[in-house]
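Visitor: Heads up, the sequence shown is in numbering that gives the first Met the number 0, so the first residue is 0 and it goes up one at a time.
Every residue gets a Cβ at the ideal spot worked out from N, C-alpha and C, and that includes glycine.
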Amino acid sequence: MRMRASVIVLGLVCGLNSWAQAAPDGAELAACAACHGAQGQGNPALGAPRLAGQHFSYLWQQLRSFKVGARGYDAQDSQGVLMRSALTAVPESALEGLARHYAGLATAESPALAPQGRGAALYQGTCAYCHGPDARGNAYLQSPNLRLLDAAYLDRQLRNYASGRRGNSEQDAIHGPWMRSVAMQLGDTDRQSVVEYLSREEAVEE
0 MRMRASVIVL GLVCGLNSWA QAAPDGAELA ACAACHGAQG QGNPALGAPR LAGQHFSYLW
60 QQLRSFKVGA RGYDAQDSQG VLMRSALTAV PESALEGLAR HYAGLATAES PALAPQGRGA
120 ALYQGTCAYC HGPDARGNAY LQSPNLRLLD AAYLDRQLRN YASGRRGNSE QDAIHGPWMR
180 SVAMQLGDTD RQSVVEYLSR EEAVEE
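1. Is the CB-CB distance between A119 and A113 below 8 Å?
2. When you compare only the Cα positions, how much space is there between A22 and L50?
3. Taking all protein chains shown into account, decide if Y196 is buried (16 or more other Cβ within 10 angstroms of its Cβ) or exposed.
4. Inspect the CB distances between the region 41-60 and the region 145-155 and report whether three or more fall short of 8 Å.
5. Among the candidates S198, F55, A74, Q123, whose CA atom is the shortest distance from the CA of Y101?
6. My output table needs one value for D24: the three-state DSSP class, helix, strand or coil.
7. Reducing DSSP to helix, strand and coil, say where N211 ends up.
8. Under a Cβ-count criterion, where at least 16 other Cβ atoms within 10 Å of its own Cβ denotes burial, should Q20 be classed as buried or exposed?
9. The alpha helix (DSSP H) that contains Q61, what's its start and end?
10. Per DSSP, S142 is paired with what?
11. Please go through the region 74-117 and give each complete alpha helix (DSSP H) segment of 4 or more residues, from N-terminal end onward.
12. Give the DSSP bridge partners of A47, in chain order.
13. Check each candidate in S168, M183, Y160 and name the one with the smallest Cα separation from D76.
14. Using the C-alpha atoms, what's the distance from G71 back to D133?
15. Taking the C-alpha atoms as reference points, what is the distance between S168 and Q123?
16. For the 8 Å Cβ check, are there 3 or more pairs between the region 77-97 and the region 170-178?
17. Pick out whichever of R99, H130, F65 has its Cα sitting closest to the Cα of D24.
And the structure:
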């Protein structure tokens, strides 16, 4: 019994120690806060999306993609290039801690999406399979909660996917090519309708 208790205590200590090692330090958080805000609330004026409350699996995957050059590889993707550059000084071992930190920050509940309209129909037909009918994403699929992202960011990323600035199969062989194929199906008008729907700016006809 004493041996079993010792093993359990040792396991708990190791687990806590592992978590502590993964926690980001002040310098890393300060660097992120310069664009994304102290609470990870994002800054649309800088093109920085909200991180607070986003799925851990998605944040971790994106940080790793920036780190290895699977995202931010195109010079015309200025925000992506900036993020890739910012992560050059961040060790690989710190990425998980950063993702967990921002995923764990509280975020306000998003208002309900309109149940009908052109944007709603387009979203349900092209995006809902991965991002869910309520656009809150799927942690298992590493698809983000779109409700947390501002309209300008959503529009820019869809255009980046469609143009190959993001999701190029030579750089990103996981989720990017699939997203690119979806984005290429949306013309300018359709893309704008989806973005307006997700940002709750779409006017719904009675």
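Guide: Quick answer:
1. A contact, by the Cβ cut-off of 8 Å.
2. 16 Å
3. buried
4. yes
5. F55
6. coil
7. Here the chain covers residues 0 to 205 and nothing more, so residue 211 does not appear.
8. With a pLDDT of only 49 at Q20, under 50, the local geometry of the prediction cannot be trusted, and no value is derived from it.
9. 55-67
10. N137.
11. 77-85, 94-102
12. N42
13. Y160
14. One C-alpha to the other measures close to 28 Å.
15. 25 Å
16. no
17. R99
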